[in-house]
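Asker:
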């Protein structure tokens, strides 16, 4: 779309906190429509990036445009065109859920409050009760209801399902999927690989404020299917494995595992070559079973959820 | 949110009641005070600053007495505490309880948010100060004294300008920091020190409380005009502090 409606663009967006660069020059263009997931461990820069997009955290460099509006000043013009759900839950406990929704939706379109009430009712939230009596998950649902209600083309959600039970999580994910189907652009951060795998059209992996890997989910799945994974029960000499697999173009090796990414769908040639290499006997050799979880582990060296 | 407005409404009412009750007691005590002022002047000899104040009251009468008690002791002290209490929560209170992010995520400009909060807090201390001060002419009738309404209106204006300066400085600190208790102590302790300084001979001239002491209010009654040489800088300082608070808040990271 030439007018940038529903599009989120970031060019060279940077943020430092003292000596630490929280977000390195960041490039992104998503939308219109679809759900993009930001993935990464704690401290990767996901929340800082989302906050920068709506002007909550001033950028130290670069430009940003959301729904056709450039980020200027305190980001008011962007916040008018987007909704944002914070990752950290902090609420006004003295307000009832209904009062809280009304407060959060100040400045929104006329129907936003009624839609938020309906969404909250769908989550079975007691609207007449004070928020201080709410559980963590209920507060999360309240924030999600407020973020999903306004009539906007872009929603930015920081861990929208964190702290929710599986039923509510699926409810929120369904809500997001329906919203995206209607043309809304959703940018969310998450630690839950299962949910981003389920609903996101595109994934952006972050580590230490840098984009680590970015792929459309379908491309990512294709890539995951084209991987031969060799696992050993005990630790092996990494150098030995790397030397043995040097003939392959795209290989990742750690102490107990090696993954060979293939350019073609047929793994037989690769397996034949691996079988004759001078490698310690593997405990398993698999093809096409790599999950997003495996990729996350390879990217970050730790388990995702 | 409701807690914030609750602090302003109930805090404002509480401040008014304390100042007003002190004022009633002060004015009703006037006949006894004036009868014993000679003895009080003798007692205050070791404290020249207090002695001078008592001699002024002896010379000038009821309004000097009310100015010393109501403006200098009542409003400067209690009003400063109220102004600081109402100001600390403006931004730091939100940061402290973690709600700054949802406050700023709404489609409202930071300038508007801070301006609304600034003026809500301003009304919470300025209105009680004004209303309590306006009861002076009525209460004076109970002790057969007379005070002109315009005199107390100008006196209230002078006092509110002084308190606004304290309030604006605290709002600025609130926009910069996150711990309301530390901010409150950081403002109230220097005010306490300024009070101590005021009563020390010679050093008294360096106390910020010289900006709103008994002599300023007596001068207002004598000249029937605000002293803009004092009020102007206080107003300018308040505006500058408010602008600085806006500047700091615009750059605040939740």
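Protein chains in written order, with our numbering: chain A, 155 to 459; chain B, 41 to 294. The C-beta atom is built at its ideal place from N, Cα and C for all residues, glycine as well.
#1: Please give the ranges of any beta strand (DSSP E) in the stretch 96-136 of chain B, keeping only runs that are unbroken, at least 3 residues long and fully inside the region.
#2: Looking at residue 223 of chain B: is its Cβ nearer than 9 Å to the Cβ of residue 210 of chain B?
#3: Please classify residue 48 of chain B as buried or exposed, where buried requires at least 16 neighbouring CB atoms within 10 angstroms.
#4: Looking at residue 204 of chain A: is its Cβ nearer than 9 Å to the Cβ of residue 166 of chain A?
#5: Can you give me the start and stop residues for the alpha helix (DSSP H) that residue 244 of chain A sits inside?
#6: Which parts of the stretch 322-391 of chain A are runs of the beta strand (DSSP E), unbroken and 3 residues or longer, counting only runs that do not cross its ends?
#7: Can you check which of these residues, A:201, A:178, A:168, A:194, is closest to residue 132 of chain A by C-alpha distance?
#8: Would you call the stretch 129-144 of chain B in contact with the stretch 152-163 of chain B, where contact means no fewer than 3 C-beta pairs closer than 8 Å?
#9: Cβ atoms of residue 119 of chain B and residue 169 of chain B: under 9 Å apart, would you say?
#10: Given a cut-off of 9 Å on the beta-carbon distance, is the pair residue 81 of chain B and residue 95 of chain B in contact?
#11: So what does DSSP say about residue 295 of chain B, is it helix, strand or coil?
#12: Grab the span of the beta strand (DSSP E) containing residue 164 of chain A for me, first residue to last.
#13: Counting along the chain, where does the beta strand (DSSP E) carrying residue 133 of chain A start and finish?
#14: Please tell me whether residue 111 of chain A has its Cβ less than 9 Å away from any Cβ of chain B.
#15: Run down chain B in chain order and give the residues with a C-beta less than 9 Å from the C-beta of residue 135 of chain A.
#16: Going by CA-CA distance only, name the one from B:85, B:90, B:102 that's closest to residue 235 of chain B.
#17: Taking 9 Å as the CB-CB limit, is residue 141 of chain B close to chain A?
#18: Residue 278 of chain B by DSSP, collapsed to three states: which one?
#19: Who are the near neighbours of residue 363 of chain A in its chain, counting only those whose CB is closer than 6 Å to its CB and skipping five residues on each side?
#20: Under 7 Å between beta-carbons, which chain A residues line up against residue 290 of chain B? List them in chain order, please.
#21: Quickly, what does DSSP pair residue 157 of chain A with across the bridge? List them, please.
#22: What does the alpha-carbon distance come out to for the pair residue 278 of chain A and residue 341 of chain A?
#23: Leaving out the 5 sequence neighbours to the left and right, which residues in its chain are closer than 8 Å to residue 256 of chain A when beta-carbon positions are compared?
#24: Run through the stretch 226-281 of chain B for me and flag every whole alpha helix (DSSP H) of 4 or more residues, listed as ranges in chain order.
Answerer: With the structure as the only source:
#1: none
#2: Counted from its first residue, the second chain places residue 223 of chain B at position 183. Counted from its first residue, the second chain places residue 210 of chain B at position 170. Cβ atoms of residue 223 of chain B and residue 210 of chain B: closer than 9 Å.
#3: Here residue 48 of chain B corresponds to residue number 8 of the second chain, with the count starting at 1. Buried, since its Cβ has 16 or more Cβ neighbours within 10 Å.
#4: For this step, residue 204 of chain A is matched to residue 50 along the first chain. For this step, residue 166 of chain A is matched to residue 12 along the first chain. Result no, Cβ atoms of residue 204 of chain A and residue 166 of chain A do not sit closer than 9 Å.
#5: Locating residue 244 of chain A in the first chain gives position 90, where the first residue counts as 1. No alpha helix (DSSP H) contains residue 244 of chain A, which DSSP labels as neither H nor E.
#6: 339-344, 356-361, 364-370, 381-385
#7: With chain A covering only 155 through 459, there is no way to say anything about residue 132 of chain A.
#8: yes
#9: Position 129 of the second chain, counting from 1, holds the residue named residue 169 of chain B. Position 79 of the second chain, counting from 1, holds the residue named residue 119 of chain B. Yes. Within cutoff.
#10: The sequence position of residue 81 of chain B within the second chain is 41, counting from 1. The sequence position of residue 95 of chain B within the second chain is 55, counting from 1. Yes. Within cutoff.
#11: This structure leaves residue 295 of chain B out entirely; chain B is present only between 41 and 294.
#12: Counted from its first residue, the first chain places residue 164 of chain A at position 10. It spans 162-171 - the beta strand (DSSP E) in which residue 164 of chain A sits, taken as one unbroken run.
#13: Nothing about residue 133 of chain A can be reported from this structure: the residues present for chain A run from 155 to 459 only.
#14: Outside the shown range of chain A (155 to 459) lies residue 111 of chain A, about which nothing can therefore be said.
#15: The question about residue 135 of chain A has no answer, for chain A in this structure spans 155 to 459.
#16: To locate residue 235 of chain B, count along the second chain from 1; it is residue 195. Comparing Cα positions, the closest option is B:90.
#17: Indexing the second chain from 1 puts residue 141 of chain B at position 101. Yes - at least one Cβ of chain A is within 9 Å of the one on residue 141 of chain B.
#18: Start at 1 with the first residue of the second chain, and residue 278 of chain B comes out as number 238. Helix, per DSSP.
#19: Walking along the first chain from the start, residue 363 of chain A turns up at place 209. Here the set comprises 175, 176, 177, 178, 199.
#20: Against the second chain, residue 290 of chain B aligns to sequence position 250. Correct list: 228.
#21: Here residue 157 of chain A refers to the residue found at position 3 when the first chain is read from its first residue. For residue 157 of chain A, which the question treats as bridged, DSSP gives no partner whatsoever.
#22: Position 124 of the first chain, counting from 1, holds the residue named residue 278 of chain A. Position 187 of the first chain, counting from 1, holds the residue named residue 341 of chain A. For residue 278 of chain A and residue 341 of chain A, the distance between alpha carbons rounds to 26 Å.
#23: Reading the first chain from its first residue, position 102 is the one you call residue 256 of chain A. These residues qualify, in order along the chain: 267.
#24: 254-263
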